[in-house]
Each structure stands twice: as structure tokens, then as C-alpha cells.
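Some notes on the structure that comes next.
Residue numbers (the numbering used here): 70 to 512.
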């Protein structure tokens, strides 16, 4: 079974118990021992309160030390390396936040090598280089020589990466006075050809290697409105050096590339601002799409959370599909599709002693914890109102779980405390003077 939300299971089997965060424990022959709770939240930085991992929750003796190693999460890294291990002395209930970021939280930058004609100043892209680096990084720009071009000397040879992925540096070159065949690729550089007009250039054309471009498949060359499968085919028509500037353009077809799918489950409890964030559930699925395609949730993603997951060991039990963020797939294989699932609303129904009339109901999110006073108040009020006539002080009362036999001596009951909602529950009142063998419902 895959992990769910966070629940705290108290092993103490008592009829009356209260799950709290700050307890006093009586040890035999000793003074009371004070306990406090340590909670560590693992958040995605700038993720609107979304948790990247289930919280660490533990109770310890006040004054004791703790040392908790932060979890290693695939594709993510700690923002602060100093939080690799969380340690200290627990003096009171303590909550600590640990932030993670994508292991490769880098942003696109682009370097354009642009040629200009001396007479018209018409631009032509000689080469384009893309890369990824963290925000604010000053990336040195590689100097390149292009046959037939002189580089303008005023360009600074660096750029600063920005978080919007739009950092661009354009280096300009001026074409020398001579006829050229220039290859526009949008990918790897192909050196121009320059010869005297009328010179045979068949071999130079044939020897041109296919260019490459990340996320695309080369499909040939376009020249004079016609497409050629390769350079050899192009040489059949372009075999003499033209007298004027001539362009040959690479033809591309988007290729299939990988992208990553992250699945987020809604938190069971709201934060201090009443906001229900999300916790990362899985991050290992890789899918494929062609470069430039827009991807979103598929039908199976939506079926995963359509309310029909009846088995408790189902990965999406208790969750409904909520939404996703459409993503345009980039050729570098680093695109991420986020899928979000919300918790279902489930109901606890308490019946009157006739087992037919509803006494109280409570509705809450799957996996959330009922208010600590809810069932205590209901329990006490119900007992006071419906206590059997003549019942002695030894008479015990509890709500039986739906379907529990009254004759086995084993009672699945709800007691006056809070618990985590794991399913719709129908609970019925029961009185007995016998000892109750009780197990707690997700307490």
C-alpha cells in the first residue's frame, strides 16, 4: 500500500482516551514526565504551502535532544544544506520548516549569433545556443567565428539568467562583401560557402553534415521553395556558386521527448491561514510527447480520482481528481506536468438507540482529524440523555461500528476522542456492564 496522509496511532487501548500533542505520563514510582511534540514540515519552496513530503511527528520527553535526518527526495534538493539534519533540544511543542527546491531549478537562456548584410542590415540567424542555469547566474558567452562574417566589437560576452526563462544575448556579425550560401538551421552551425560566382560547389554541398537541434528531427533542406531530403539531393540543384547572397533553410519535425509527471495530494489539515495545500505523492512517472505539444491530464489521470476507488489499498483511495496545469513540452526533456487530487468529503453518522433515527452527523475530508471536542460532547450528551433506566455506575457506553456483533465480546467502538476519517462510518449506541475489548478508530 502506498503512503497516505499522516496519522498518529496510539497503541494504548483504553475505553476513554484523548489524543493530544502535549501529554503528562505517570511512570510507576516516579514524578510525572512531561512530553512535547516535534513536528517537521517539508515544503516545496515558493510552492504555495505545498508539502514535498509527509511531516515528521514525534513525541519526546521535554528536555531531551532530537536529531532527524531530512529525507532524500528524488529530483529535489534542500534549499539550505544546513538542514540536512535537524537537531536540538525539545523544550516545548516545536514546529520546524524545511524547504526543498527542484534539483535542477534552472532557467532557460538563449544566445543568438546574428549576421547582418552591410547594405540592407537584414538580419540572419547564424547560430542559436540555449542552456540552463540558476537565476542570477552570469553566464559567459562563447565567442564563435562564422566564415565570411566579422564580429561587431561592441558586444559584452556574458548574460544574466532570469527566472522567466527569457534571458537572451544577441551577438552581431557583419557579412563581408562577397557572395555566400548561408545555411539557416535554428540548431547547430553550418559554415557558409563562399566562392567566385559560377564555381562548381557540388562537393562542398554534398559534404554538409545534417544539423542537430534539441527536441527536433532533421527532415532536409529548403532551397528556392523546394525541399531536399539531404545535402546530396540538394547538390543536384545547388551545384554552382550563385552570384548573389543565397539562403538554404533547415527543415525540422518535432521529435518525441520525455516529460515528468508529479502527483500532488491535498493536505488533510489546513494551515494557519485556512489554506489547504498539497503534498507531493509521486514524482517518478515519465511520459512522452512531441516537442512543442501541450500536455494535460489524460483520461486515466481523471479516472484515478473519480470516486470509484472502493479498495483501501488503491493508490487514489479517498481522493478525487481536481486539476492540472497545462504544459508546453520543451525539447530538453525537462518539462513537468503537475496533477492535483483533492480529498473526498466523508460522513460519520451517529444513530439513536433504535438504530434507525440519526442523532448526529459530521462531515470532513478523508484523512482529516475530527475536532477534539466533537465526539466527547456528543458522547456525554447522548449518554446523559439515553442512559438506560436503572443503569448502575458500572454501565459502560460506546458507539459500535457498523456491522459489529453484540455477542462476540469484541467491540469495535468509537470513544470520546478525535480520530482520522478513513471511510464513511455508521455508529450505533451500546451499553454493557461487561468489560469492553476495544480498539480505537485511527486514533
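Every residue gets a Cβ at the ideal spot worked out from N, C-alpha and C, and that includes glycine. Computed from a predicted structure; not experimentally measured.
Residue i to residue j span [Cα, whole Å]
i, j, result
"residue 382", "residue 161", "36 angstroms"
"residue 492", "residue 177", "46 angstroms"
"residue 344", "residue 120", "12 angstroms"
"residue 209", "residue 152", "32 angstroms"
"residue 476", "residue 143", "Unreliable positioning characterises residue 476 in this predicted model, as indicated by a pLDDT of 47, which lies under 50. A coordinate reading is not provided."
"residue 139", "residue 154", "6 angstroms"
"residue 348", "residue 164", "17 angstroms"
"residue 222", "residue 314", "24 angstroms"
"residue 182", "residue 385", "50 angstroms"
"residue 282", "residue 226", "23 angstroms"
"residue 169", "residue 111", "7 angstroms"
"residue 329", "residue 186", "43 angstroms"
"residue 272", "residue 327", "38 angstroms"
"residue 255", "residue 194", "7 angstroms"
"residue 429", "residue 494", "12 angstroms"
"residue 267", "residue 284", "38 angstroms"
"residue 175", "residue 131", "42 angstroms"
"residue 425", "residue 433", "22 angstroms"
"residue 394", "residue 371", "14 angstroms"
"residue 191", "residue 167", "53 angstroms"
"residue 323", "residue 217", "31 angstroms"
"residue 265", "residue 304", "17 angstroms"
"residue 78", "residue 109", "Because the pLDDT of residue 78 is 25, which lies under 50, any placement of that residue in the model is unreliable, and the number read from its coordinates should be weighed accordingly. Spanning the two alpha carbons is a distance of roughly 18 angstroms."
"residue 373", "residue 436", "18 angstroms"
"residue 358", "residue 239", "30 angstroms"
"residue 198", "residue 350", "36 angstroms"
"residue 156", "residue 171", "24 angstroms"
"residue 146", "residue 280", "36 angstroms"
"residue 214", "residue 399", "28 angstroms"
Host alpha helix (DSSP H) of residue i (start-end)
i, result
"residue 274", "271-275"
"residue 304", "300-304"
"residue 238", "Where residue 238 is concerned, there is no enclosing alpha helix (DSSP H), although the beta strand (DSSP E) it sits in stretches over 236-244."
"residue 255", "Residue 255 -> no alpha helix (DSSP H), and no H or E assigned at all."
"residue 369", "368-372"
DSSP bridge partner residues for residue i (one or two, in chain order)
i, result
"residue 216", "Per DSSP, none; premise fails for residue 216."
"residue 192", "185"
"residue 141", "In DSSP, residue 141 forms no bridge with anything."
"residue 388", "412"
"residue 492", "The partner list for residue 492 (beta bridge, DSSP) is empty, contrary to what the question assumes."
"residue 514", "Residue 514 is absent from the structure shown; the chain starts at 70 and stops at 512."
"residue 120", "112, 348"
"residue 397", "363"
"residue 129", "105"
"residue 202", "176"
"residue 419", "429, 496"
"residue 250", "262, 315"
"residue 289", "320"
Residue i, buried or exposed, once every other Cβ within 10 Å from all chains shown has been counted against 16
i, result
"residue 479", "Model confidence at residue 479 stands at a pLDDT of 45, short of 50, so the residue's coordinates are unreliable and nothing is read from them."
"residue 496", "buried"
"residue 276", "exposed"
"residue 196", "buried"
"residue 127", "exposed"
"residue 510", "Residue confidence is low: residue 510 scores 42 on pLDDT, short of 50, so the model does not pin down where it sits. Its coordinate-derived value is still stated next. When all chains shown are included, residue 510 counts as buried."
"residue 332", "buried"
"residue 319", "buried"
"residue 124", "buried"
"residue 416", "exposed"
"residue 105", "buried"
"residue 439", "buried"
"residue 203", "exposed"
"residue 355", "exposed"
"residue 212", "exposed"
"residue 102", "exposed"
"residue 405", "exposed"
"residue 361", "exposed"
"residue 247", "exposed"
"residue 40", "Only positions 70 to 512 of the chain appear in the structure, and residue 40 is not among them; the question remains open."
Boundaries of the beta strand (DSSP E) in which residue i is found, first to last residue
i, result
"residue 168", "163-171"
"residue 103", "102-113"
"residue 264", "Here residue 264 belongs to no beta strand (DSSP E), and DSSP marks it neither H nor E."
"residue 433", "427-434"
"residue 158", "154-158"
"residue 439", "First-last for residue 439: undefined, no H or E at that position."
"residue 322", "315-323"
"residue 307", "Careful: residue 307 lies outside any beta strand (DSSP E) and carries neither H nor E."
Short CB-CB distance (under 9 angstroms) between residue i and chain D
i, result
"residue 398", "The question asks about chain D, but that chain is absent: this structure has only one protein chain."
Open item on the list: Measuring CB atoms only, is the stretch 329-346 touching the stretch 292-312, in the sense that at least three cross pairs come out at less than 8 angstroms?
Closed with: no
Open item on the list: Can you confirm whether the stretch 286-306 touches the stretch 363-371 when touching is taken to mean that 3 or more C-beta pairs between the two stretches lie within less than 8 angstroms?
Closed with: no
Task: Segment contact flag, the stretch 230-241 with the stretch 259-268, C-beta cutoff 8 angstroms, min 3 pairs - done: no
Task: Inter-stretch contact (C-beta, 8 angstroms, three-pair minimum) for the stretch 385-394 and the stretch 408-422 - done: yes
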